[in-house]
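Engineer: Handing you this structure, nothing more for now.
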Amino acid sequence: MDTPLTVVFDLGEVLTRPRGLSGLEERLAGLLGVEEAAFAEAYWAHRDAYDLGSSDIAYWSAVAGALGAPLRPGTVDALVSAEVDIWTRLDGPSHALVEDLRRHGARLALLSNAPHVLARTAERSDWSAHFDRLMFSADHGIAKPDPAVYRRMTELLGTPPECVLFFDDRRKNIDAAREHGWDARLWTGAAAARAVLADRGLLPHGPTRDGSMSCGTGSR
């Protein structure tokens, strides 16, 4: 029996583009009352533990501590709310791509390094209904590019690795996915991804028109 191809997307900097939404680091730095350049280094330096499941207060306390900034009452809630809003708001061209794929019957999944609060917000979003499966690092205690992530996602999808087409903006995540047997492509924008998907028969101007392109037999 043929197995349909599953398209897996990363979230941040792929489906959501906070730089284009003007101001991830500027907005959050302002809430802490620190300079944007200094904030960016602390924000990313402590991110891995947060994406693996540590609490909001633990993460933002680490960021604020690195910057020598006090955490006033309500600041953590404001930071979490602002960040979640930025990271779960889909970029226009990417959103249109997801909608087109779904309209043509493609099977879609999301694989994101993300903390619990972002995961729960994404699950409640309107756009999440387009996806057959959502997997967030904090829920499993593993994050890209750990090989265990790709094994777990493949298990959740119930599909052979060769039946997964994956888009991510980080080269190390792409390399790890390819090691697992996925067809992984570096994200350079919705237009380039649309061309790849058309070539694979998942959008109207490719070899087929129904989005049901199979990748071979379901057994290995």
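Just add 1 to wherever you are in the sequence shown, counting from 1, and you've got the numbering used here.
All C-beta atoms in this analysis are idealised placements derived from N, C-alpha and C, irrespective of residue type, glycine included.
With H, G and I counted as helix, E and B as strand and the rest as coil, what does DSSP make of L111?
Structural biologist: Three-state result, L111: strand.
Engineer: Assign L33 to one of three DSSP states: helix, strand, or coil.
Structural biologist: Here L33 sits in helix by DSSP.
Engineer: So, does the stretch 118-129 touch the stretch 150-160, judging by three or more C-beta pairs under 8 Å?
Structural biologist: With a cut-off of 8 Å, the stretch 150-160 and the stretch 118-129 do not count as touching, because too few Cβ pairs lie within range.
Engineer: Around the Cβ of T189, are there at least 16 other Cβ atoms within 10 angstroms (buried) or fewer (exposed)?
Structural biologist: When all chains shown are included, T189 counts as exposed.
Engineer: Which residue's Cα is closest to the Cα of V15: A193, E27, L204, F40?
Structural biologist: Closest option to V15, Cα to Cα, is A193.
Engineer: Quick one: residues in its chain with C-beta nearer than 7 Å to the C-beta of A39, no 5 flanking neighbours on either side, listed in chain order?
Structural biologist: Result list for A39: L68, in chain order.
Engineer: Could you say if the stretch 155-170 and the stretch 56-71 meet the contact criterion of at least three C-beta pairs nearer than 8 Å?
Structural biologist: Output reads no: the stretch 56-71 does not touch the stretch 155-170.
Engineer: Kindly confirm or deny that the stretch 3-13 and the stretch 93-108 touch, where touching means at least three C-beta pairs closer than 8 Å.
Structural biologist: Contact holds: three or more Cβ-Cβ distances are below 8 Å.
Engineer: E42 to D200, Cα distance in whole Å?
Structural biologist: Their backbone Cα atoms lie some 39 Å apart in a straight line.
Engineer: Along the chain, which unbroken stretches of the alpha helix (DSSP H) at least 4 residues long are found entirely within the stretch 110-161?
Structural biologist: The stretch 110-161 contains these whole alpha helix (DSSP H) runs: 117-125, 138-141, 148-158.
Engineer: From the DSSP output, in three-state form, read off V15 for me.
Structural biologist: Of the three classes helix, strand and coil, the one that applies to V15 here is coil, per DSSP.
Engineer: Assuming contact is defined by CB atoms lying nearer than 8 Å, are D52 and A115 in contact in what I supplied?
Structural biologist: Yes. Within cutoff.
Engineer: Please go through the same chain and pick out, in chain order, the residues whose beta-carbon is closer than 6 Å to the beta-carbon of D3, but skip the five residues on each side of it.
Structural biologist: Around D3: S215.
Engineer: Skipping 5 residues on each side, what residues in its chain have a beta carbon closer than 6 Å to that of G13?
Structural biologist: Only W88 meet the Cβ criterion.
Engineer: Whole angstroms is fine: what's the gap from F132's alpha carbon to P71's?
Structural biologist: So the alpha carbons of these two residues sit roughly 40 Å apart.
Engineer: Roughly how far, in whole angstroms, is the beta-carbon of L29 from the beta-carbon of E84, given that I think they are within contact range, below 8 Å?
Structural biologist: Indeed they touch by this definition, with Cβ atoms about 6 Å apart.
Engineer: Does DSSP classify S62 as helix, strand or coil?
Structural biologist: If DSSP states are grouped into helix, strand and coil, S62 belongs with the helices.
Engineer: How is D176 classed by DSSP in three states: helix, strand or coil?
Structural biologist: Here D176 sits in helix by DSSP.
Engineer: Which runs of the alpha helix (DSSP H), 4 residues or longer, sit entirely within the stretch 75-103?
Structural biologist: Those alpha helix (DSSP H) runs which fall completely within the stretch 75-103 and span 4+ residues are 76-88.
Engineer: For D170, does the three-state DSSP call read helix, strand or coil?
Structural biologist: Of the three classes helix, strand and coil, the one that applies to D170 here is coil, per DSSP.
Engineer: Are L204 and R195 close, meaning C-beta to C-beta below 8 Å?
Structural biologist: Yes, the Cβ-Cβ distance between L204 and R195 is below 8 Å.
Engineer: Classify R186 as helix, strand or coil using the three-state DSSP reduction.
Structural biologist: DSSP places R186 in strand when its eight states are reduced to three.
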